[in-house]
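Residue numbering for the sequence shown follows the UniProt record's numbering, beginning at 1 and increasing consecutively.
No residue lacks a Cβ here, since even glycine has one placed at the ideal position from N, Cα and C.
As the structure is a computational prediction, the values presented were derived from the model and not from experiment.
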Amino acid sequence: MNHVTEKFGASQEAISHHYDLSNAFYELFLDRHMLYSAALFRHDNESLEEGQINKVDYHIENIALQSPCQVLDIGCGWGTVLSRLSALGHKTTGLTLSKEQQKYVNRMALPHCDVRLENWQDFTPREKFDGIISIGAFEHFAKLEDTQEEKRTAYKHFFTRCRERFLKPNGKLSLQTFAYGNHVDRQQAKQKASTQFLSDEIFRETDPPHLTDIFAASRGEFEIVSFRNDRFDYARTLKFWLRNLKSRRNEAIQLVGEQQYANFVQYLQYSYIGFQTGNLDLYRFEMRAL
């Protein structure tokens, strides 16, 4: 296995702090598919679950698979993308740094699916993939204290590794990440109390990108085929989550304690305001390897 000497972004311990909190806790406020990222709503009256499945299908369509294919899911969460791909006849590999997520997906016993507790920086596949999907992982590839140059170095490494090590020639990457809004000054964003709270209590060793970081880091590695900003979809998703969590308050406190429940309510409220006002954006990219 080829290990990178110095890791970029959040450590396994930092990821575990958030994602290994309690599967039962996340089940209280996520949809039944356990999708923990922005949904994609096509109509005003769609449910959270409908929006989440729209999102999964959007990313699968982006990588334009001809069955059967091999697909890599970087940051596979609780396995819904893997499950959807498996049902379509594809072979899949999922990468996660969460032990609880790995156990959860393994219990699904998906055919031709390998779920690995491994950093993308360490992963060396036996053969290359036809496509890559990565939803809600890119945010963790840099730390709050990183300079712009350090962040872009981390992102560049990701795109280079995807192109050189993971993808077959002309393979496609479907990427989803939230980011600082384009009108927010980088230093002002880092100094905001909400940013510090999220870094300390929720997403440790994590700082999202700016749009310009993604464009700069992907240059020479990937062609951007399509790109969209769906920040209002994330605001709507967060509104669902917040409502669900508050309605299960007593159960949540029994599982994780009153302070952790309060932290999550505050985090969801901060995030909702961020996406609603444009301080945060939600980007979805369709990319083709150069």
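* Asked: When burial is assigned at 16 or more other CB atoms within 10 Å of the CB, is L85 buried or exposed?
  -> Answer is buried; the Cβ neighbour count reaches 16.
* First and last residue of the alpha helix (DSSP H) that includes K239? -> 231 to 247
* May I ask you to verify whether the segment 34 to 42 touches the segment 50 to 69, counting CB pairs closer than 8 Å and requiring at least 3? => yes
* Asked: Straight-line CA distance for K91 to K192?
  -> Near 43 Å, if we compare the C-alpha coordinates of K192 and K91.
* Asked: Taking the alpha helix (DSSP H) that G9 falls in, what are its first and last residues?
  -> First-last for G9: undefined, no H or E at that position.
* Smallest Cα separation from D146: which of F227, P208, G274? -> Of F227, P208, G274, the residue nearest in Cα terms is P208.
* Going straight from the alpha carbon of Y36 to that of K156, what length do you get? -> 25 Å
* G89, DSSP secondary structure in three states -> coil
* Straight-line CA distance for Q276 to F222? -> 30 Å
* Asked: Three-state secondary structure (DSSP) at Y112?
  -> According to the sequence shown, residue 112 is His rather than Tyr. Correct three-state label for H112: coil.
* Just the Cα atoms here: how many angstroms apart are L282 and E251? -> 30 Å
* Asked: What does T96 pair with, by DSSP beta-bridge criteria?
  -> L117
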